[in-house]
Amino acid sequence: MPLPPRVPLPAAFLRAPLAHRALHDRTARRPENSRAAVRAAVAAGYGIEIDVQLSADGRAMVFHDYALDRLTDRFGPVRQRRAAELGAIALRDGDEGIPTFREVLETVAGRVALLVEVKDQDGMLGPDVGPLEQAVADDLRGYAGLVAVMSFNPHSVAALARLAPAIPRGITTWGYPPDHAEGLPRATCDRLRAIPDYDRCGASFISHHWQDLGRPRVAELRAQGAAVLCWTIRAPAEEAAARRVAANITFEGYAPPIPPPIPSL
Numbered sequence: 001m002p003l004p005p006r007v008p009l010p011a012a013f014l015r016a017p018l019a020h021r022a023l024h025d026r027t028a029r030r031p032e033n034s035r036a037a038v039r040a041a042v043a044a045g046y047g048i049e050i051d052v053q054l055s056a057d058g059r060a061m062v063f064h065d066y067a068l069d070r071l072t073d074r075f076g077p078v079r080q081r082r083a084a085e086l087g088a089i090a091l092r093d094g095d096e097g098i099p100t101f102r103e104v105l106e107t108v109a110g111r112v113a114l115l116v117e118v119k120d121q122d123g124m125l126g127p128d129v130g131p132l133e134q135a136v137a138d139d140l141r142g143y144a145g146l147v148a149v150m151s152f153n154p155h156s157v158a159a160l161a162r163l164a165p166a167i168p169r170g171i172t173t174w175g176y177p178p179d180h181a182e183g184l185p186r187a188t189c190d191r192l193r194a195i196p197d198y199d200r201c202g203a204s205f206i207s208h209h210w211q212d213l214g215r216p217r218v219a220e221l222r223a224q225g226a227a228v229l230c231w232t233i234r235a236p237a238e239e240a241a242a243r244r245v246a247a248n249i250t251f252e253g254y255a256p257p258i259p260p261p262i263p264s265l
């Protein structure tokens, strides 16, 4: 069955820089992917990038890691705990628990652009996906704000195309160096490095690692009309280099300027 046609990425995703895991700052008690970090990004006028994982009871939770260890004082996989239990687990250096995706949508309330990375649930970027994508689609139903979805796993992007066909979708990409590929088979790295699934997924953008933006495939997709975002910028000099190719950046650790709005005619 063919996928729905690609949905263009709205211009708002190409204007204000996107705060990586929201505008987090542990010294200010705003952990990554926390509601406090989301509120801070909205107040500053930045777009927001967040990550979602699946709870034991099928809810989309805003959390980057597969395990709780780094970001909380608990241990073990996020997926083994129910949403209510996860919501009661305090994030390190913060005052709140792990939020659901729906809670973050309510916090953003359409005031800034929201880019949602759906974390791979297969473990090897393979086809064992569906429940998290369904949870994301369910939460997005009726949301009127600007939102786009992406994943490293092309199977996830294809599932999102079927479940939320009106939402812009993209692929999170990079060079897949073998020594940093988190145990992926070399054949998988070699395949995904070429970004072969862009058209198959009906994607309209990529978010590519900023140090690999010179890759010919990135230039090819850009020439074909793909919007090119990049991750993760941590200094003005990196931003200047990335913007030679990328239309927008995902950033953390500094405060990039926000271009003024385009005046209406």
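Numbering-wise, UniProt numbering puts 179 at position 179 of the sequence shown, and it's gapless, one number per residue. For glycine and all other residues, C-beta sits at the position ideal for the given N, C-alpha and C.
Spatial neighbours of residue 275 in its chain, beta-carbon cut-off 7 Å, leaving aside the 5 residues before and after: This structure does not reach residue 275, given that the chain is present from 1 up to 265, and the question cannot be answered.
With which residues is residue 298 paired in a DSSP beta bridge? For residue 298 there is no data in the structure shown, the boundaries of the chain being 1 and 265.
Beta-carbon spacing of Phe13, Ala148 below 9 Å: Yes, Cβ-Cβ distance for Phe13 and Ala148 is below 9 Å.
Between Ala16 and Val112, which are expected to be in contact by the criterion C-beta below 8 Å, what is the C-beta distance as a whole number of angstroms? The Cβ separation is near 7 Å, so the contact holds.
So what's Phe152 in DSSP terms, helix, strand or just coil? When DSSP states are grouped into helix, strand and coil, Phe152 belongs to the coil group.
Can you name the residues that DSSP bridges to Val147? Leu114
Simplified DSSP assignment, three categories, for His24: Three-state result, His24: coil.
Beta-bridge partners of Asp51, as assigned by DSSP: Glu117
Beta-carbon gap between Ala90 and Asp69 smaller than 9 Å: no
Helix, strand or coil at Pro13 according to DSSP, with G and I counted as helix: The sequence shown places Phe at residue 13, rather than the Pro named in the question. Phe13: helix per DSSP, three-state reduction.
Suppose you measure from the CA of Thr27 to the CA of Arg35; what does that come to, to the nearest Å? 15 Å
Would you kindly report the start and end of the unbroken alpha helix (DSSP H) that includes Leu221? Pro216 to Ala223
Following the continuous alpha helix (DSSP H) through Phe101, name the residue where it begins and the one where it ends. Phe101 to Val108
The region 214-231 touching the region 186-201, judged by at least three CB pairs closer than 8 Å: yes
State the Cα-Cα distance for the pair Phe63 and Glu220, rounded to the nearest angstrom. 33 Å
Leu229 - containing alpha helix (DSSP H), residue span: Looking at the DSSP string, Leu229 is not in any alpha helix (DSSP H); the run it does join, the beta strand (DSSP E), is Ala227 to Ile233.
Where Ile258 falls, given that 16 or more other Cβ within 10 Å makes a residue buried: exposed
Give the single residue among Arg217, Cys230 and Cys189 whose Cα lies nearest to the Cα of Trp210. Cys230
Classify Pro168 as buried or exposed, calling it buried when 16 or more other Cβ atoms lie within 10 Å of its own Cβ. buried
Based on Cα-Cα distance, which residue from His208, Val218 and Ala203 lies nearest to residue 283? The structure shown does not extend to residue 283, since the chain is modelled only from 1 through 265, so no value can be given for it.
Start-to-end residues for the beta strand (DSSP E) that takes in Val62: Ala60 to Val62
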